[in-house]
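Peer 1: Structure provided below as structure tokens; questions to follow.
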Amino acid sequence: MIKSFRGKIASDGIQTITLHTNTGTTGYRITKFQTIQQDPGTSTEHVVKIYTVPQTVADDKIDFSDNTLLAVSYLNAGPSASSSTVSNEVIIFDNMTFNQDVYVTAKTITGSDEANYYIEMEVVKLGLTENTVATLKDIRNIIRDE
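838 is the number of the first residue of the sequence shown in our numbering; add one for each residue after it.
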């Protein structure tokens, strides 16, 4: 089964996507992540990221050594097809299974102050061992982040 989430997020914004359950036996894996500017036809540059732990700051730094970073989208869109700036979107996401809430952050570098995002996640039934591993990984990342 696939679950989808969409929304609009302002620059410096942080949003929570609630996924946790009482038993932790439902896991998720990102299968699609897309972003688009709020005002097509305008110059825009955004960085939208998804994390496994709560964030206090939304920035445009991309650090793949951060174990809590699940996905990143970098969008650079020009005002029109005839413009010298060509639309470019780079999306990278981890194939990690998680069973807790995720956190979306956005930072506008230039242009429109808000970005739209669309996320598809595969719903995975977790056995006891997988549930324990996913939960312990989340706890370890939260402790490391503090």
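Using N, Cα and C, we set each Cβ at its ideal position, and we do this for glycine too. As the structure is a computational prediction, the values presented were derived from the model and not from experiment.
At a cut of 8 Å, does the region 888-903 reach the region 867-874 through at least three beta carbon pairs?
Peer 2: Judged by Cβ distances under 8 Å, the region 888-903 makes no contact with the region 867-874, as fewer than three pairs qualify.
Peer 1: According to DSSP, is Thr966 helix, strand or coil?
Peer 2: Numbered from its first residue, the sequence shown carries residue 966 at position 129. Correct three-state label for Thr966: helix.
Peer 1: Should Glu882 go down as buried or exposed, given a rule of 16 or more other Cβ atoms within 10 Å for buried?
Peer 2: Counted from its first residue, the sequence shown places residue 882 at position 45. Glu882 is buried by the Cβ-count criterion.
Peer 1: Going by alpha carbons, who is nearest to Tyr888 out of Thr858, Asp876, Gly861 and Ile854?
Peer 2: As a working mapping, residue 888 is identified with position 51 in the sequence shown. Per the Cα distances, Ile854.
Peer 1: Any chance the CB of Glu926 is under 6 Å from a heavy atom of the ligand NAP?
Peer 2: Here there are no bound small molecules, and the ligand NAP is not part of this structure.
Peer 1: When burial is assigned at 16 or more other CB atoms within 10 Å of the CB, is Asn936 buried or exposed?
Peer 2: Position 99 of the sequence shown, counting from 1, holds the residue named residue 936. Buried, because 16 or more other Cβ atoms sit within 10 Å of the Cβ of Asn936.
Peer 1: With H, G and I counted as helix, E and B as strand and the rest as coil, what does DSSP make of His857?
Peer 2: Within the sequence shown, numbered from 1, the residue matching residue 857 stands at position 20. If DSSP states are grouped into helix, strand and coil, His857 belongs with coil.
Peer 1: Quick one: Cα of Asp900 to Cα of Leu906, how far?
Peer 2: To locate residue 900, count along the sequence shown from 1; it is residue 63. To locate residue 906, count along the sequence shown from 1; it is residue 69. Straight-line Cα distance between these residues: approximately 8 Å.
Peer 1: If you follow the beta strand (DSSP E) that Ser902 is in, where does it begin and where does it stop?
Peer 2: Within the sequence shown, numbered from 1, the residue matching residue 902 stands at position 65. Note, Ser902: premise wrong, no beta strand (DSSP E); not H, not E.
Peer 1: Does Asn913 pass the burial test, meaning 16 or more other C-beta atoms within 10 Å, or should it be called exposed?
Peer 2: Counted from its first residue, the sequence shown places residue 913 at position 76. By the 10 Å Cβ count, Asn913 comes out buried.
Peer 1: How far does the beta strand (DSSP E) with Gln874 in it reach, from first residue to last?
Peer 2: In the sequence shown, the residue the question calls residue 874 occupies position 37. Unbroken beta strand (DSSP E) run through Gln874: Thr863 to Gln874.
Peer 1: Hey, quick one: how far does the beta strand (DSSP E) through Thr934 stretch, first residue to last?
Peer 2: Residue numbering aside, residue 934 sits at position 97 when the sequence shown is read from its first letter. That residue, Thr934, is in no beta strand (DSSP E); it is neither H nor E in DSSP.
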